[in-house]
Amino acid sequence: MAGNFLAAVGASVLNLCAEVGGILMLLFRVLICLLPPRFDLDETWRNLHKMGVRSVPIIVLTAFFTGGIMVIQAAVFVKKFGATSLVGWGAGYAVFREIGPMLLGLMFSGRVGSNNTAELGTMVVTEQIDGLRALSIDPVRYLIVPRVLSMIVMLFLLTILGDVVAIVGAALFGTVLADVSLASFWVSFSQNVHVADVTHGLIKAAVFGFIVALTSCHFGITVKGGAVGVGRAVNNAVVAAALGIVLSDYLLTYALP
Amino acid sequence: MIHCDGLSLQLTHRPVLSDVTWHIEAGSVWGIIGPPASGKSVLAKTLCGLFTPRQGRLTVDGVDLPGLPEPDRVKVRRKMGMLFQNNALFDFLRVRENVSFPLARQNPEMPHHELVARAQERLRAVGLSGSEEKWPSELSGGMKKRVGIARATICNAPVLIYDEPTAGLDPVTTSKIYDLLTDLRRKHASTVIAISSDIPALRRFVDHILFLHEGRIRYCGPESGLEACQDPVVYQFVRGQTEGPL
Ligand SMILES: Nc1ncnc2c1ncn2[C@@H]1O[C@H](COP(=O)(O)OP(=O)(O)OP(=O)(O)O)[C@@H](O)[C@H]1O
Ligand SMILES: [Mg+2]
Chain B
1 MAGNFLAAVG ASVLNLCAEV GGILMLLFRV LICLLPPRFD LDETWRNLHK
51 MGVRSVPIIV LTAFFTGGIM VIQAAVFVKK FGATSLVGWG AGYAVFREIG
101 PMLLGLMFSG RVGSNNTAEL GTMVVTEQID GLRALSIDPV RYLIVPRVLS
151 MIVMLFLLTI LGDVVAIVGA ALFGTVLADV SLASFWVSFS QNVHVADVTH
201 GLIKAAVFGF IVALTSCHFG ITVKGGAVGV GRAVNNAVVA AALGIVLSDY
251 LLTYALP
Chain G
258 MIHCDGLSLQ LTHRPVLSDV TWHIEAGSVW GIIGPPASGK SVLAKTLCGL
308 FTPRQGRLTV DGVDLPGLPE PDRVKVRRKM GMLFQNNALF DFLRVRENVS
358 FPLARQNPEM PHHELVARAQ ERLRAVGLSG SEEKWPSELS GGMKKRVGIA
408 RATICNAPVL IYDEPTAGLD PVTTSKIYDL LTDLRRKHAS TVIAISSDIP
458 ALRRFVDHIL FLHEGRIRYC GPESGLEACQ DPVVYQFVRG QTEGPL
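Residue numbers (our numbering), protein chains in the order written: chain B, 1 to 257; chain G, 258 to 503.
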């Protein structure tokens, strides 16, 4: 009984180490392709479009309501203590530093990362990766590097867009629900929110994009066992990306100014 | 042309090929047959360097393939065109782009109109004119197979490997495909290796047979000698009997 339990724990730990090792190996291979940068531009362009442009609606929607919800939550206390001069600052600080990158990162992982894992996994299962290798095309250079670059760039840009939309959402909800005029929201926002708050969040966004990219590509190209394997890989990729985002958020919050 | 000496290969800690010794002369036409999961596809992929054997030697035109690092395998792979069992059509490319893809990769300077013309010519040869702008997901199984053949043959590589070129096709289309493959072979004097479970059709096409069972060679010789082979597995398989070791 205890032996079984120990064996199960041991197997999970070994499994975890194998996956982390695989992700680090992939990172190494991606870096090799980037020094000096040699990768497929067409493929990069295609991915930028697919991952970025098509994610705009969902990101805008999420960001708008996130900004709004924060003000709704705060509205009770703002009214009670008459702290209207803090709403703009509170919304900006929280959105830029934490909620924006984190929530959009998770959203991005769910929409783009999982799609990416499924796509690469299907390519493995249908021998497309073998087909590329048979033509002496390095799948990492041709498929993975463009995806990693696209995800970093796009999550970064989408976070900028999301930040703006979230602040607009917060300001609108503030006017309607917390009786905070647009002018006082703006004064509080512009006087207390600093460039450092924005860069803090954007650095996080780029790191989260990198994490989503590496995990989703790793689980995609290591798929084993047909369609069932693809499903399992998507599941693992989303869990791993979420864990990676939360952990690195914790570390970055300490490390960044 | 291709020489395997005592090749052994393991995948996920299980032996898949054991002690395969096989010599393919330039210009010969080989058929690989055998029960499911006997290692036919793995052997074909090993020949173009997609799997690295654990033991034994594999040389292509005198070059030791497993000894080459992945980037240097280009030179050897350029000599080969391969049709995969699942066709391996790139689903992010249209049919025409799929077919011209190997050509475009090997000849980066080739002008676009020439790529298009070559792809169209090849698609016409497999009876698929008019499907150039379709996506692979819009094709039937047999059409995908034929696009795969068009892609495998577009570079006129000296060695052609077809993994199940006629699986799931009707007898008429099967005959047409084999006629096409024969034509191509005559025109370019290529060496051909074909894997198929449609034994009668395959035997009309090839002049040598390799029989694999559980990763081991059970028969390796002229097509005409298969009938006389007394190995019980080969005997049963070729005659399609239900009684026997299989
Ligand atoms: N990438 C792989 N990883 C691990 N095992 C594999 C892999 N590819 C094939 N195998 C195993 O190798 C064995 C031989 O497979 P292979 O695909 O060569 O069979 P086959 O003779 O082509 O069969 P079929 O006629 O069904 O196509 C099988 O047991 C299979 O499970
Ligand atoms: Mg097979």
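No residue lacks a Cβ here, since even glycine has one placed at the ideal position from N, Cα and C.
| query | result |
| --- | --- |
| Residue nearest to Val60 (chain B) in terms of C-alpha spacing, selected from B:Ile167, B:Cys17, B:Met151 | B:Ile167 |
| Other residues of its chain near Gly244 (chain B): CB distance less than 7 Å, five sequence neighbours each side excluded | Ile211, Thr215 |
| Beta strand (DSSP E) segment containing Thr269 (chain G), residue limits | Thr269 (chain G) -> no beta strand (DSSP E), and no H or E assigned at all. |
| Between the CA atoms of Pro101 (chain B) and Leu247 (chain B) - distance to the nearest angstrom | 13 Å |
| CB contact below 8 Å: Asn413 (chain G) versus chain B | no |
| Whole-number beta carbon distance between Phe347 (chain G) and Gly131 (chain B), since they are thought to touch under 8 Å | 7 Å |
| Phe468 (chain G), DSSP secondary structure in three states | strand |
| Cβ-based contacts, 8 Å cut-off: residues of the segment 319 to 333 of chain G near chain B | Glu327, Pro328, Arg330, Val331 |
| Ligand 1 heavy atom lying under 7 Å from the CB of Thr222 (chain B) | no |
| 4-residue-minimum alpha helix (DSSP H) runs that sit fully inside the segment 346 to 418 of chain G, ordered along the chain | 352 to 363, 369 to 382, 398 to 410 |
| Cutoff 8 Å: Arg375 (chain G) Cβ touching any chain B Cβ | no |
| Residues from the segment 6 to 21 of chain B in contact with chain G, defined by Cβ distance under 9 Å | none |
| Arg29 (chain B) beta carbon less than 8 Å from that of Val153 (chain B) | no |
| Chain-ordered residues of the segment 122 to 137 of chain B with a beta carbon less than 9 Å from chain G | Thr122, Met123, Val125, Thr126, Glu127, Gln128, Ile129, Asp130, Gly131, Leu132, Arg133, Ala134, Leu135, Ser136, Ile137 |
| Ordered list of beta strand (DSSP E) runs contained in the segment 26 to 58 of chain B, each at least 3 residues | none |
| Closer than 7 Å to ligand 2: residues, by C-beta to nearest heavy atom, in chain order | G:Lys297, G:Ser298, G:Gln342, G:Asp420, G:Glu421, G:Ile452 |
| Extent of the continuous alpha helix (DSSP H) run through Cys477 (chain G) | Per DSSP, Cys477 (chain G) belongs to no alpha helix (DSSP H); it is in the beta strand (DSSP E), 473 to 479. |
| Nearest neighbour of Gly338 (chain G), chosen from G:Arg375, G:His470, G:Thr448 [CA to CA] | G:Thr448 |
| 8 Å Cβ cutoff, Pro293 (chain G) in contact with chain B | no |
| Given 8 Å, three or more beta-carbon pairs between the segment 362 to 379 of chain G and the segment 408 to 415 of chain G | yes |
| Segment contact flag, the segment 88 to 100 of chain B with the segment 311 to 326 of chain G, C-beta cutoff 8 Å, min 3 pairs | no |
| Three-state secondary structure (DSSP) of Gly291 (chain G) | coil |
| Contained alpha helix (DSSP H) runs [length at least 4] in the segment 77 to 132 of chain B, N- to C-terminal order | 87 to 94, 100 to 108, 114 to 125 |
| Coil, strand or helix - Gln342 (chain G) by DSSP | coil |
| Close Cβ partners of Ser188 (chain B) (< 7 Å) along its chain, the five nearest in sequence each way excluded | Ser85, Leu86, Val87, Gly88, Trp89 |
| Three-state secondary structure assigned by DSSP to Arg314 (chain G) | strand |
| Residues in the segment 336 to 352 of chain G having any Cβ partner in chain B nearer than 8 Å | Met337, Met339, Phe341, Gln342, Asn343, Asn344, Ala345, Leu346, Phe347, Asp348, Phe349 |
| Same chain, Cβ closer than 6 Å to Gly225 (chain B), neighbours up to 5 away in sequence not counted | none |
| Interface residues of the segment 277 to 306 of chain G facing chain B [CB-CB below 7 Å] | Lys302, Cys305 |
| Which of helix, strand or coil DSSP assigns to Thr499 (chain G) | coil |
| Contact set for Arg237 (chain G): own chain, Cβ-Cβ below 6 Å, skip 5 residues either direction | Residue 237 (chain G) cannot be examined here, being either before or after the span of chain G that is shown, 258 to 503. |
| Counted within 10 angstroms of its Cβ, other Cβ atoms place Gln128 (chain B) as buried (16 or more) or exposed | buried |
| At least three beta-carbon pairs within less than 8 Å, the segment 452 to 467 of chain G to the segment 386 to 404 of chain G | no |
| When G:Ser388, G:Met367, G:Ile259, G:Ser295 are compared against Arg314 (chain G), the one with the closest alpha-carbon | G:Ile259 |
| Reduced DSSP secondary structure (H/G/I, E/B, other) of Ala451 (chain G) | strand |
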